[in-house]
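Residue numbers (the working numbering): 3 to 85.
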């Protein structure tokens, strides 16, 4: 599936969420779990909980920043559950 994605990972270690954007969420999950991302290295392993597809990198990045600025675990849980 082509396009850009906003993705939400959840740490299996402590339940924390990580929000990012990429053109390949499955590859990014592997990179996170291998410790290649400094900000998440200590929180591995992760599970991919959610992804949204966008046509452009700019759209995906805007959505990523919006979700990050909300800082709401409750909203993220509802989004993941489909509510």
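No residue lacks a Cβ here, since even glycine has one placed at the ideal position from N, Cα and C.
Any idea which residues DSSP pairs residue i with across the strands?
i          : result
residue 22 : 9
residue 77 : BP columns for residue 77 are empty, so no partner.
Using only CA atoms, which one of the options lies nearest to residue i?
i          : options           : result
residue 26 : 44, 78 and 55     : 55
residue 28 : 40, 43, 8 and 42  : 8
residue 24 : 81, 72, 65 and 79 : 65
residue 4  : 53, 40 and 21     : 53
In this structure, how does DSSP classify residue i when only helix, strand and coil are distinguished?
i          : result
residue 51 : strand
Original post:
Would you call the stretch 12-30 and the stretch 42-50 in contact, with 3 or more CB pairs under 8 angstroms?
Top reply: yes
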